[in-house]
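Below is one structure; the comments refer to it alone.
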Amino acid sequence: MIIQITNRKDVSEEICECCDSWMAHWENNYGEDTENCSVNFCKNKAEVGAHVGIVDDEFEDIYIIPLCKSHNSSEDIMMVEDRLIPAYELDDCDIAPED
Ligand SMILES: [Zn+2]
Ligand SMILES: [Zn+2]
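Start counting the sequence shown at 1368; every next residue gets the next number (this note's numbering).
Structural data, given as C-alpha cells:
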C-alpha cells in the first residue's frame, strides 16, 4: 500500500534505550535490513531512520521509515511504501544493539 507522509522535525531526538540509532530501531522492528529509500521510485540508498507523520492522521503519531538524505530534508508530501514503524512505546523493542 502507498501512503502519504511528511517529515516531522518537531520531535525529540532521544533514542529508545534498546537501539543505537533510529535506523537500527526500524530494522529491529521491521525485521529486515535497510536497502533503498522508501519513497516511491527513489533509487537512493536509505541512510536515515527518519521521523515522519502520515498526512491527515488525526492522532499525529510519529513513525520511523528509512529515507535517503535528500528525502529526509524534504518539506514536501512524499508517497512511500507503507513500512512505518512507530517511533515510541513499542512493547517488543527490546533487542540489544550489537557492538
Ligand atoms: Zn528501539
Ligand atoms: Zn529518497
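Here a beta-carbon is modelled for each residue, glycine too, at the ideal position from N, C-alpha and C.
Check: Take M1366 and list the residues in its own chain whose beta-carbon comes closer than 7 Å to its own, dropping the five residues that flank it on each side.; Outcome: In the structure as shown, the chain starts at 1368 and stops at 1466, and residue 1366 therefore has no counterpart that could be examined.
Check: Does any CB atom of chain B fall closer than 9 Å to the CB of P1433?; Outcome: Protein chains in the displayed structure number just one, and chain B is not present.
Check: So does A1391 have its beta carbon nearer than 8 Å to some heavy atom of ligand 1?; Outcome: yes
Check: So what's R1375 in DSSP terms, helix, strand or just coil?; Outcome: coil
Check: Quick one: complete beta strand (DSSP E) runs, 3+ long, within the region 1372–1441?; Outcome: 1415–1421, 1430–1434
Check: Which residue comes first and which comes last in the beta strand (DSSP E) that contains M1445?; Outcome: 1445–1448
Check: Give me the residue from L1451, R1375, E1425 with the minimum Cα distance to N1319.; Outcome: Nothing in the structure corresponds to residue 1319, since the chain is present only between 1368 and 1466.
Check: Quick one: does the C-beta of N1396 sit closer than 8 Å to a heavy atom of ligand 1?; Outcome: yes
Check: If you drop the 5 nearest sequence neighbours on each side, which residues of the same chain put their C-beta closer than 8 Å to that of V1378?; Outcome: H1418, I1429, A1454
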